[in-house]
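My numbering numbers the first residue of the sequence shown as 1263 and each following residue consecutively. Each residue gets a CB set at the ideal place from its N, CA and C atoms; glycine is no exception. See structure below.
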Amino acid sequence: MPSSVRPEVVLLITKLDFSHPDIRTRPYHRDGRPFTRAERDLLVTFTPEEKAAAKAQIQVEAEWQRELDEMRDAFVDLLMKYFAKLPKGSVVDDAVAIMTYEDYAKFERLAEIVTAEDTLEYRALYEEN
């Protein structure tokens, strides 16, 4: 049985900027661009299933963002632990040079995640299911 959920509609719903000041007159993407006529025409045809799928996707993305923020905080905390031991003007390489083996392993893992260009792409590639 084919799915009644159209991915392109779910994507449009997830890209809606519900807080845009002009949202009552036309829909806008979260990056500020107004939806095109074709996008608006497709958006108004969403089904309850597509709305539910979009809501679930938004929740997944929000949870991932929370996790990423926690990893960024842990990364900064780890570096600051070592910067506190170094003279003013030190750089990350100086902090890395004095890290314990365990902290260096943590640094390597966190650095790859928090500096990834597209962290959702990174998660899709490396997260275990």
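CB contact flag (residue i, residue j, <8 Å)
i	j	result
valine 1267	glutamate 1312	yes
glutamine 1321	valine 1272	no
glutamate 1301	leucine 1278	no
proline 1296	arginine 1286	no
leucine 1372	alanine 1336	yes
leucine 1340	aspartate 1365	yes
threonine 1276	alanine 1324	no
One or two residues paired with residue i in a DSSP bridge
i	result
tyrosine 1290	Pro1296
leucine 1278	His1291
Assumed close pair residue i, residue j - CB separation to whole angstroms, cut-off 8 Å
i	j	result
valine 1247	phenylalanine 1345	Look at the range of the chain in this structure, 1263 to 1391, and you will see that residue 1247 is not part of it.
Residue i - containing alpha helix (DSSP H), residue span
i	result
valine 1322	1310 to 1345
arginine 1268	Segment: none, arginine 1268 is in no alpha helix (DSSP H) and carries neither H nor E.
isoleucine 1375	1363 to 1376
aspartate 1356	1354 to 1359
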